[in-house]
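Take 1 as the starting number for the sequence shown in full-length UniProt numbering and just add one per residue.
Ideal Cβ placement from N, Cα and C applies to all residues, glycine included.
Okay, structure first, notes after.
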Amino acid sequence: MDPETSKDVPPGPKPAEDDPDHSLVERMARFRKNPFNFAHELSLFIRGVGWRSYDNVIGQPCFYPAYSENLKSLVMKSPILQQKLSQLTEARLKVEEEQHLLDSDSPSYLQDKEIRKTQIISNLVEITQDMLDKMMCKMDSKPYLRSAYYGVTQLLTRAYSSIHVSQKEVKRLREVAKMAAKEKKSIIFLPRHTSHIDYVSLHLVCYCLGLTLPVVVAGDNLNFPVVGNFLQSLGAMWLRRSFGDDALYPTLVQSYLDTMMQQGYNLECFIEGTRSRTGKLLGPKFGILSFYLDSVLSGRTDDAYICPVSMQYDRVIEVDSFVTELLGKPKQKENLADFLSASSLLALNFGRIECRFQEPWSLKEFIKEQQARIPPETEPRDTRVRILRTLGYRVLSDINKVSVVMPTALVGTVLLTLRGRGVGKSELVRRVDWLRARINANGGQVSDFQDLSTSEVVDRALDVLGSQLVGRVDGLAEETFYAIDRFQLSFYRNMTIHLFISEALIAAALYTRVKQGGGIATQSIAEPALVENVTFLSQLFRGEFIFPAGQGLQRNIEDAMAGLLRDEVLSITPSTDDQTRTVGLSETERALGRENFDFYCFLIWPFVDAAWLGAVSLFCLVPPTDSSLVWIDMKRVQDIAQLFGRTLYHQGDLSYFESINKEALKNAYTRFQEEGIVFVAKGAAAKNGPTVRLAPDWLPQRDPATGQIEAHGRLWDFVERIAQHRREGKNRRDGATVSTRVLALAEKLNWELFGEVEDSDSEGDVKGQVPLKRRTRRTKL
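In structure tokens:
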């Protein structure tokens, strides 16, 4: 049954044929408010009327009594699994022979060996079946599915008013699904991961559209009592977070996924691996992606369709917990009590959800295209790695293409990119309109306003964000709003930054001159110097942002510059010798008080501050004068860096509190490692986390007389290079004062950090680690 043509449509009004998007799921009737409609809806689900019956779905059959047993039987027959069991058996027999558990001189040796071989295989099969039973989804009961769908929808629509989809995208997806079902090929849904609600939302959409529900690859941290069994019965596949040294488990995972793809079942996994705590798209995780790739690359599966998906929310339920994690609080392990206590959130107004699908494409064709671009002499292993990385970033790029900017993201972005402590309603509406136009001009999409005016959309967004995030000043001549919780609002601002990252880097590069003040000539920069600054920043943020794919940095700069020139934000002045042009603010932008130029700067400044903080925190790793280089626990170093950042923020040397977040510091240290500024090593024991120390050629010098770190050298030059792009502040105009104050604080934290290492008096277990020597105690600053 086609929900688009059926009279018995999913909850919500049937959309007009020319609507670009419509609500697939809307608020359901509540017993207390409308008992008659509530009883009617419940009756329809129990009886399985119309689309609710989940009959005649597009795709391979599921939710029938023998589903799990049939699939388990197919997996156990997998050739690669049988081969692995045989290899493990032979390896075990060899070990036992070496340990003389089997006497090769005995006349009955061969008979004993066969008996022992049978025993080992039997034990391995039993272990494998037990692991498979814990891992695999168990979609065996359609009545259970219908009941679960009704219950979950009742809960979800208490928090979110509706789930919107694009009719054009849905129609295209259904056509691909019909073709995939006919060819017995899987559709692999690869959504971005923003919230635990992602699992539910995509399944609800597939249910309403009559598609075979995808099997979700999920971490076993969610497999806690009651909830774990519930999710497994609806399509969750539990996977260990780490495979460790288990020789069998990876092969079992590959066999299970191979079987699913060979049978044409739909699959789903989150390309980022974990929920984004910052609101922006994270880098790809290649673990599960490599299993999909190997299945097709090896020929065990003919082909599969890749379908990138974007799930966007007006407001994300978990943002509060994200902020506490980013500020250094350890992530709490999921449990039933927390799950149930979160139900109180499901009575709030969190707006709506947008689910958008990129056009599915053939994985097999993608592999062929990439192989044609790779030199034939390349090693097979290197070829596979290059294809895998390209696949991951292609998916992320596609997700960004179909992502929809929500009204809350528009309002949050505007509030955080304006100067001053507040903004009037009319100005807020004007800037939202401006931002909406810029998003469309850059190829992005804004959530459909339908027939609402911008003022009404802003009102709804403010209502969803709530008074804890956005404040309102009463008793003024005009409604005036201001950001209360800038950290949480930054989550929504970060949902737009991918659309303007190239423009933001250009603005930050030019700001190195604009901040100097003076006339037009002083505030302009030669084009090669601008490109050099942008290149430096793009390398600095290589792991922080997903840049436009497939065209290179130079092309990205050219496209962004063309847009900034077209919008009259910048102007280019030809040189007298026709060799070097200069770039500066346009007269139009100056007349506007730099409001558009400042917008792009405000987008990137928090990340510049975060990179600067990460670099400055490296001074805490400088060993005392009488100590050798030592390895320091990475977690402790980043905790110290966050303490450093909080202190600098409250003392006025750091502009953005969100810059001290854990993820930004983690990304900064990853870049420092890639550049050879620090060395990172892991302990021999699995429980030991990574340790870090400064590379010798980046080590700052200490004053021989005072023992204090000197503000010069390679590391200080690197810090200063980043600082050129930072937002100017009242306390930061005198560079000498900054170096004195910041380094004094770094010395204080350096004393604390190395004092802890000295007191522990432990050499650790990292290869090459040098123990800390006893030192002459210095006076604490």
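Whole-Å CB distance - residue i paired with residue j, under 8 Å assumed
i      : j      : result
Tyr669 : Phe657 : So it is not a contact: roughly 20 Å between Cβ atoms.
Gly235 : Met311 : That pair is no contact at about 16 Å.
Phe357 : Val411 : With a Cβ gap of about 26 Å, Phe357 and Val411 do not count as contacting.
Val57  : Leu239 : Contact flag wrong, Cβ pair sits at about 25 Å.
His22  : Val165 : 7 Å
Leu85  : Ile121 : 6 Å
Ile484 : Gly471 : 5 Å
Gln673 : Leu585 : Contact doesn't hold; Cβ gap of about 37 Å is too wide.
Lys280 : Met495 : 7 Å
Glu268 : Val216 : 5 Å
Leu749 : Phe597 : Not quite, the Cβ-Cβ distance comes to about 36 Å (not below 8 Å), so this is no contact.
The alpha helix (DSSP H) enclosing residue i, as first and last residue numbers
i           : result
Gly563      : 552-566
Tyr144      : 142-159
Gly219      : Taken as a continuous stretch (DSSP letters only), Gly219 belongs to no alpha helix (DSSP H), being part of the beta strand (DSSP E) at 215-219.
Glu427      : 425-441
Val57       : First-last for Val57: undefined, no H or E at that position.
Lys77       : Looking at the DSSP string, Lys77 is not in any alpha helix (DSSP H), and its letter there is neither H nor E.
residue 860 : The chain is shown only over 1 to 781; residue 860 falls outside these bounds and no answer can be derived.
Gln232      : 227-232
Asp653      : Note, Asp653: premise wrong, no alpha helix (DSSP H); not H, not E.
Reference residue i; option with closest CA among the options
i           : options                        : result
Ser290      : Arg386, Gly210, Glu532         : Arg386
Ala562      : Ile506, Asp598, Phe547         : Ile506
Leu348      : Leu81, Leu156, Asp609          : Leu156
Asp314      : Gly444, Lys329, Phe350, Pro330 : Phe350
Leu173      : Glu96, Ser78, Cys355, Ala91    : Cys355
Gln154      : Arg52, Glu26, Met76            : Glu26
Glu365      : Asp302, Arg389, Gly707         : Asp302
Leu42       : Ile80, Gly645, Tyr150, Arg419  : Tyr150
Glu752      : Ala177, Arg636, Lys682         : Arg636
Val569      : Asp220, Arg594, Glu558         : Arg594
Val200      : Leu145, Leu252, Tyr249         : Leu145
Leu388      : Pro284, Ser502, Ala526         : Pro284
residue 789 : Phe286, Val458, Val309         : Lying before the first or after the last residue shown, residue 789 is absent from the chain, which here runs from 1 to 781.
Ile374      : Trp361, Ser362, Thr390         : Thr390
Asn556      : Glu587, Leu209, Ile501         : Ile501
Cys307      : Gly392, Trp51, Tyr511, Gln488  : Gly392
Ser53       : Thr278, Gly689, Asn123, Ser147 : Ser147
N- and C-terminal bounds of the beta strand (DSSP E) containing residue i
i      : result
Gln312 : 304-313
Met237 : 236-239
Val165 : 162-166
Phe481 : 480-483
Ile572 : 570-573
Val49  : Note, Val49: premise wrong, no beta strand (DSSP E); not H, not E.
Ile188 : 186-191
Val473 : 470-473
Phe357 : 353-357
Thr691 : 690-694
Thr582 : 582-585
Val630 : From DSSP, Val630 is part of no beta strand (DSSP E); its letter is neither H nor E.
Classification of residue i by the beta-carbon crowding that lies within 10 angstroms, buried from 16 upward
i           : result
residue 796 : The structure shown does not extend to residue 796, since the chain spans only 1 to 781, so no value can be given for it.
Glu544      : buried
Asn440      : exposed
Ala560      : buried
Asp398      : buried
Asn34       : exposed
Ala685      : Note on Ala685: pLDDT 45, under 50, position unreliable in the model; no value is reported.
Ser198      : Here residue 198 turns out to be Asp, not Ser, going by the sequence shown. Buried.
Arg436      : buried
Val414      : buried
Gln579      : exposed
Leu340      : Annotation note: pLDDT 46 at Leu340 (below 50); position unreliable, coordinate value reported separately. Answer is exposed; the Cβ neighbour count stays below 16.
Gly552      : exposed
Phe599      : buried
Val531      : buried
Closer than 7 Å: residue i CB and nearest the ligand GTP heavy atom
i      : result
Arg566 : Looking at this structure, you won't find the ligand GTP or any other ligand, since it has none at all.
Original post:
Is it true that the segment 627-646 meets the segment 693-702, where meeting means three or more beta-carbon pairs spaced less than 8 Å apart?
Top reply: Flag = yes, the segment 627-646 and the segment 693-702 touch.
**OP:** Decide yes or no for the touch test of the segment 714-732 against the segment 604-622: beta carbon pairs closer than 8 Å, at least 3 of them.
**Re:** yes
Original post:
Would you call the segment 255-273 and the segment 169-189 in contact, with 3 or more CB pairs under 8 Å?
Top reply: yes
Original post:
Is there contact between the segment 420-439 and the segment 369-382, where contact requires at least three CB pairs shorter than 8 Å?
Top reply: no
Original post:
Using 8 Å as the Cβ pair cut-off and three pairs as the minimum, do the segment 249-263 and the segment 64-75 touch?
Top reply: The segment 249-263 vs the segment 64-75: in contact.
**OP:** Check whether the segment 603-611 touches the segment 503-523, counting contact only when three or more Cβ pairs, one atom from each stretch, lie closer than 8 Å.
**Re:** yes
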